[in-house]
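Below is one structure, written out as structure tokens, with a few remarks after it.
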Amino acid sequence: MASLHNTARSCYCGEPRSTDLGKTLVLKGWVHNRRDHGDLVFLDVRDRTGICQVVLDPSRMNPENFAKAHSIRSEFVVAVSGKVIPRIDGATNPKMATGEIELEAEEFEILNTSKPVPFKLDDYAHVTEDVRLKFRYLDLRRPDMQRNIVLRSKVVYAVREYMEQQGFLDIETPILNKSTPEGARDFLVPSRLMPGEFYALPQSPQIFKQILMVAGYDKYYQIAKCFRDEDLRANRQPEFTQIDIEMSFISPEEIYASMEGLMKHVFKVAKNLDIVTPFPRMTYAESMLRFGSDKPDLRFGLEIVDLTELVKTMGCEFRVFNTVFENGGVLRAFCVPGGGTAYSTTQLKPEGDLNKTVRTFGAGGVAWFRAEAESETAPGGLASNITKFFSRETLAAIR
Numbered sequence: 080m081a082s083l084h085n086t087a088r089s090c091y092c093g094e095p096r097s098t099d100l101g102k103t104l105v106l107k108g109w110v111h112n113r114r115d116h117g118d119l120v121f122l123d124v125r126d127r128t129g130i131c132q133v134v135l136d137p138s139r140m141n142p143e144n145f146a147k148a149h150s151i152r153s154e155f156v157v158a159v160s161g162k163v164i165p166r167i168d169g170a171t172n173p174k175m176a177t178g179e180i181e182l183e184a185e186e187f188e189i190l191n192t193s194k195p196v197p198f199k200l201d202d203y204a205h206v207t208e209d210v211r212l213k214f215r216y217l218d219l220r221r222p223d224m225q226r227n228i229v230l231r232s233k234v235v236y237a238v239r240e241y242m243e244q245q246g247f248l249d250i251e252t253p254i255l256n257k258s259t260p261e262g263a264r265d266f267l268v269p270s271r272l273m274p275g276e277f278y279a280l281p282q283s284p285q286i287f288k289q290i291l292m293v294a295g296y297d298k299y300y301q302i303a304k305c306f307r308d309e310d311l312r313a314n315r316q317p318e319f320t321q322i323d324i325e326m327s328f329i330s331p332e333e334i335y336a337s338m339e340g341l342m343k344h345v346f347k348v349a350k351n352l353d354i355v356t357p358f359p360r361m362t363y364a365e366s367m368l369r370f371g372s373d374k375p376d377l378r379f380g381l382e383i384v385d386l387t388e389l390v391k392t393m394g395c396e397f398r399v400f401n402t403v404f405e406n407g408g409v410l411r412a413f414c415v416p417g418g419g420t421a422y423s424t425t426q427l428k429p430e431g432d433l434n435k436t437v438r439t440f441g442a443g444g445v446a447w448f449r450a451e452a453e454s455e456t457a458p459g460g461l462a463s464n465i466t467k468f469f470s471r472e473t474l475a476a477i478r
């Protein structure tokens, strides 16, 4: 039997299809699952592209070679040579890209063995982060982690492709630098050649960007490593990567068009998604008013509505609101779909859960209305413990 160790693989494990029926292929990868039926052994052989089912049948193989199949365990590294055949009726798997075929092995070779692994390498295994990091080489074999790595590679490729098409230069800037007075603390690297002196790792390539612009490189970019010796935040790590872009002789509209084009290209190449450009725009004031954030998520449905002018103009007798207006404050509200049934009267009382929650954020309490059919208890279609302070017309306008 010829050794498969030095035989080139024909393709990746996730690539065989029904169009390859009858072909003899050599696959190499990790054993994801093994099912030993005694007379038949089934292996799911995995690499970063996916899984291919391999069937080891003693009637199709050298008996000595087949005998070794019973020793195979999960995460063994194997090489398999055989013909692509269709799966039997009822055994196809539409959830797998290779689910219509399997490889009928003619020979196989164990390239490396594996000790039992500490956790299952699939999308559904719950693993604590400390265990994942301790066995990082295993964690990176998991399909969800491999998808992340592949996606990042596609994004970087798409960025470079687009920027090249737009006439940008990819310029690399130094990592070891003199510390500059920016907003964050630098990581420092001691110098062996100059005792007592230190290099600083760049928070961003700011000073180099300025040098390049002054020098006449009017359109440049880099996928830059940045380092900040600061407390962690949700979107900031000690070491992170950013796409850094500089343009000269440019207007804001040209910047918007370039960056929207970049995002459109990246989503198409990396995820095959068509996003609509130009992007919607809003002012800072509108963003803060509607969403309470300068980086709003438009999928978030609880938009804030300003009722200040409406209530001031139409008037009310509710002392709390009038005191707010007299002190120059504002009246803002939001609509909670389904809130009429989600919140009980007990929860809405001054000592209830909702008021306790808002007080932790510095508010005095919550005024509420429940949308109902127009009635004596719900004038203007709103029911509340404060409707008596408002006219029916005002309540209808608020609703």
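Numbers in our numbering are just positions in the sequence shown, counted from 1, shifted up by 79. Glycine included, each C-beta is placed from N, C-alpha and C at the ideal position.
Would you mind reading off the limits of the beta strand (DSSP E) that contains residue i?
i: Leu267; result: 266-269
i: Glu318; result: 318-326
i: Leu135; result: 129-135
i: Ala170; result: Looking at the DSSP string, Ala170 is not in any beta strand (DSSP E), and its letter there is neither H nor E.
i: Leu280; result: 277-280
Could you give the first and the last residue of the continuous alpha helix (DSSP H) run that contains residue i?
i: Leu386; result: No alpha helix (DSSP H) contains Leu386, which DSSP labels as neither H nor E.
i: Phe287; result: 285-293
i: Gln244; result: 222-244
i: Ala303; result: No alpha helix (DSSP H) contains Ala303, which is instead part of the beta strand (DSSP E) from 298-306.
i: Ala476; result: 471-477
i: Asn434; result: 432-438
i: His344; result: 331-350
i: Lys213; result: 208-213
i: Pro142; result: 142-146
i: Arg398; result: 398-405
i: Gly418; result: 418-421
i: Asp272; result: In the sequence on display, residue 272 carries Leu and not Asp. Taken as a continuous stretch (DSSP letters only), Leu272 belongs to no alpha helix (DSSP H), as it is neither H nor E.
Just list the residues that DSSP pairs residue i with in beta bridges.
i: Arg114; result: Phe121
i: Pro165; result: Ile180
i: Glu186; result: Ser160
i: Gly108; result: Val157
i: Asp99; result: According to DSSP, Asp99 bridges with nothing at all.
i: Asp126; result: Gly129
i: Asn256; result: Ala279
i: Leu461; result: Ala450
i: Asn521; result: There is simply no residue 521 to check, as the chain begins at 80 and stops at 478 in what is shown.
i: Asn191; result: Val156
Would you please state the rounded distance, in angstroms, between the beta carbons of residue i and residue j? I believe it to be under 8 angstroms.
i: Leu200; j: Arg221; result: 5 angstroms
i: Leu119; j: Val105; result: So it is not a contact: roughly 21 angstroms between Cβ atoms.
i: Phe306; j: Glu318; result: 5 angstroms
i: Lys162; j: Glu183; result: 5 angstroms
i: Ile322; j: Val238; result: 6 angstroms
i: Ala475; j: Gly459; result: 4 angstroms
Can you look up residue i in the DSSP assignment and give me helix, strand or coil?
i: Ala363; result: The sequence shown places Tyr at residue 363, rather than the Ala named in the question. Of the three classes helix, strand and coil, the one that applies to Tyr363 here is helix, per DSSP.
i: Gly371; result: coil
i: Thr392; result: helix
i: Ala412; result: strand
i: Thr466; result: helix
i: Asp249; result: strand
i: Arg139; result: helix
i: Leu427; result: helix
Within 10 angstroms of its Cβ, does residue i collect 16 or more other Cβ (buried), or is it exposed?
i: Met361; result: exposed
i: Cys131; result: buried
i: Arg398; result: exposed
i: His111; result: buried
i: Pro284; result: buried
i: Arg125; result: buried
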